[in-house]
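Here the structure is laid out as structure tokens; the discussion comes afterwards.
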Ligand SMILES: [Zn+2]
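Residue numbers (the working numbering): 156 to 433.
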């Protein structure tokens, strides 16, 4: 349920976001002035009993207020879930009244741990600053206490639609996909998208990523997915899902693990310095 504080008028959000209807009750929302590969796809799934927002963006503007103002939510309880707690997904969580996250990342979210959220934003990536004098270096993910802790196999029930939580660590320790089994749709978050998969951030793990990709390949083998709605970039089909997952598995040898370790070491030093070193 939305709190009253999140419903206060703030017209500045109106042109910050844009939305399009993907299919009946399914919407894609984007942050118009965040122009970078890090910009996520925010998915809104309307259910008969409750609505679900999958990932929340940076949070520079109030997303639930926007969704209410354009008539996409407001009559039912709303749950916001993040597919991982990286800052581009979790930055907007604090605007929502009800929040869900995988168990493995719940403590980091509650701490507002901007090392584990891999917070790294630059001025040039935000084409319209939220206010005069805003600087990206001051951007932080707020600490949020989740209402619901998710585990593998849990069901998020929207009434007429059910989503199964699939714990898919690798990109981060608490990465999840959400599987709409009836419609064979997979919300894949950062586990897989049409681009280079990232396995070199804090809590990333190549071996876990391989297992998660094998699980994705099994979903395709069993014909349980026909469409993938990822956390970044364009949607794709089961064949592309299989190719992306199998390519990762094929390339995740010793050399790749060494390079990933070096990159994670450098990224960790950079993130620590950026968030806590000054
Ligand atoms: Zn992401």
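Backbone N, C-alpha and C fix where the C-beta goes; we use that ideal spot for every residue, glycine too.
Starting from the C-beta of residue i, find all residues in its chain whose C-beta is less than 7 Å away, skip the five residues before and the five after it, and write them out in chain order.
i	result
residue 331	238, 257, 305, 320, 321, 322, 323 and 344
residue 283	188
residue 176	182
residue 315	202 and 203
residue 360	324 and 325
residue 423	357
residue 285	215 and 216
residue 397	372 and 375
Cutting at 8 Å between CB atoms, please list the residues of its own chain near residue i, excluding the five before and the five after it.
i	result
residue 310	317, 318, 319 and 320
residue 430	269, 270, 274 and 295
residue 395	349 and 383
Taking 7 Å as the cut-off, is the CB of residue i close to at least one heavy atom of ligand 1?
i	result
residue 187	no
residue 209	no
residue 387	yes
residue 243	yes
residue 145	This structure leaves residue 145 out entirely; the chain is present only between 156 and 433.
residue 304	no
residue 354	no
residue 197	no
residue 307	no
residue 345	yes
Which residues does DSSP pair with residue i in a beta bridge?
i	result
residue 342	333 and 384
residue 172	186
residue 392	382
residue 198	183 and 209
residue 235	208 and 254
residue 322	331
residue 374	For residue 374, which the question treats as bridged, DSSP gives no partner whatsoever.
residue 310	319
residue 304	256
residue 365	DSSP output for residue 365 lists no bridge partner at all.
residue 281	189
For residue i, count neighbouring C-beta atoms within 10 Å of its own C-beta (all shown protein chains included) and say buried if the count is 16 or more, exposed if not.
i	result
residue 178	exposed
residue 337	exposed
residue 379	exposed
residue 245	buried
residue 255	buried
residue 265	exposed
residue 186	buried
residue 196	buried
residue 235	buried
residue 230	exposed
residue 362	exposed
residue 198	buried
residue 191	exposed
residue 353	buried
residue 421	exposed
Please list, in chain order, all residues of the same chain as residue i whose beta carbon is under 6 Å from its beta carbon, the five residues on each side excluded.
i	result
residue 259	328 and 329
residue 374	380
residue 385	343 and 348
residue 292	none
residue 174	182 and 184
Using the three-state DSSP reduction, which class does residue i fall into: helix, strand or coil?
i	result
residue 204	coil
residue 222	helix
residue 359	coil
residue 276	coil
residue 421	helix
residue 298	coil
residue 409	helix
residue 177	strand
residue 242	helix
residue 348	coil
residue 230	coil
residue 216	coil
residue 269	coil
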